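In my numbering, the protein residues as written are 394 to 616.
Each residue gets a CB set at the ideal place from its N, CA and C atoms; glycine is no exception.
Owing to the predicted nature of the structure, the values given are computational and were not obtained by experimental measurement.
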Ligand SMILES: C[S@@+](CC[C@H](N)C(=O)[O-])C[C@H]1O[C@@H](n2cnc3c(N)ncnc32)[C@H](O)[C@@H]1O
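Pasting the structure below:
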């Protein structure tokens, strides 16, 4: 996909509208002096940058997609966080940091890749004693997930769901407006049209059933 088109769509601009929930989740963990945070599946780092603004933390963002990490690296530089926010290309299936390296693990939109209980179990060793794991995941099976948290060696500190229409009103609806604007400008370009169609298909899926695309945060502590 051309870089120009990507920056014109600028999904991060809409993703940032959901940062209020990242802030809410962060405020639910006790105040930590200079926490070391691992952001798993950080992507282009919308939550990563927000976390850096929220505390004097040292953050490592890991993701498998180097293009997204490059985008995050540019933001880190622009925001002046180069000293304390770093990225590393690495699969969440093969995280090779030593045991008890982090005060907080943050995972928005990524635990489904490994599976909820497997993620909880495998990532536990990376947390310092009494460290915190914050997961933002799809809304399905909340009570089942709360049980899994306890059986995987954590205690639930808190959990909350986003409003049912949050992803639609804050992200997909404005994204659809942006996609239409770009389409009107370049409707004769078949390559661009194909890319925009892919975005529109995802938007249509959410539009058909916005409640299915709701999500929840789980804030837990290693026990
Ligand atoms: C839904 S995005 C979430 C991005 C970011 N955390 C956010 O909330 O905006 C999921 C991220 O997981 C990353 N990902 C997918 N498979 C992965 C893997 N095996 N290891 C590490 N990251 C992976 C994708 O590249 C993508 O950036």
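Cβ-Cβ distances below 8 Å link residue 552 to 535, 539, 609, 610, 611 and 612 in the same chain, with the five nearest sequence neighbours on each side left out; the list follows chain order. Your pair residue 455 and residue 431 checks out as a contact, with CB atoms roughly 7 Å apart and the cut at 8 Å. Leaving aside the five residues that flank residue 501 on each side, the residues in its chain whose CB is nearer than 6 Å to its CB run, in chain order, 440 and 529. Of the candidates 414, 493 and 516, the residue whose Cα lies closest to the Cα of residue 542 is 516.
With fewer than 16 other Cβ atoms inside 10 Å of its own Cβ, residue 486 counts as exposed.
For residue 560 and residue 490, the gap between their C-alpha atoms comes out near 33 Å.
Remark: the shortest separation between the CB of residue 607 and any heavy atom of ligand 1 does not fall under 8 Å.
DSSP, reduced to helix, strand and coil, places residue 457 outside both helices and strands of the structure shown, so it counts as coil. In this structure, residue 596 sits near residue 565, with a CB-CB distance shorter than 9 Å.
In this chain, residue 486 is not harboured by any alpha helix (DSSP H), its DSSP state being neither H nor E.
Beta-bridge partners assigned by DSSP to residue 609: 530 and 554. In this structure, residue 442 sits away from residue 499, with a CB-CB distance that is not shorter than 9 Å. Excluding sequence positions up to five before and after residue 604, its CB lies within less than 6 Å of the CB of 557, all in the same chain and listed in chain order. DSSP lists no bridge partner for residue 601. Assigned with DSSP and collapsed to three states, residue 589 falls in helix.
Per DSSP, the beta-bridge partners of residue 525 are 497 and 614. Annotation: the continuous alpha helix (DSSP H) that includes residue 405 extends over 404-408.
Contact between residue 462 and residue 482 holds, since their C-beta atoms are separated by about 6 Å, short of 8 Å. Beta-bridge analysis with DSSP links residue 478 to 452. Not one heavy atom of ligand 1 lies closer than 8 Å to the C-beta of residue 574. In the three-state reduction of the DSSP assignment, residue 425 falls in the coil class, being assigned neither a helical nor a strand state. In this structure residue 494 is in contact with residue 519, their Cβ atoms being roughly 6 Å apart against a cut-off of 8 Å.
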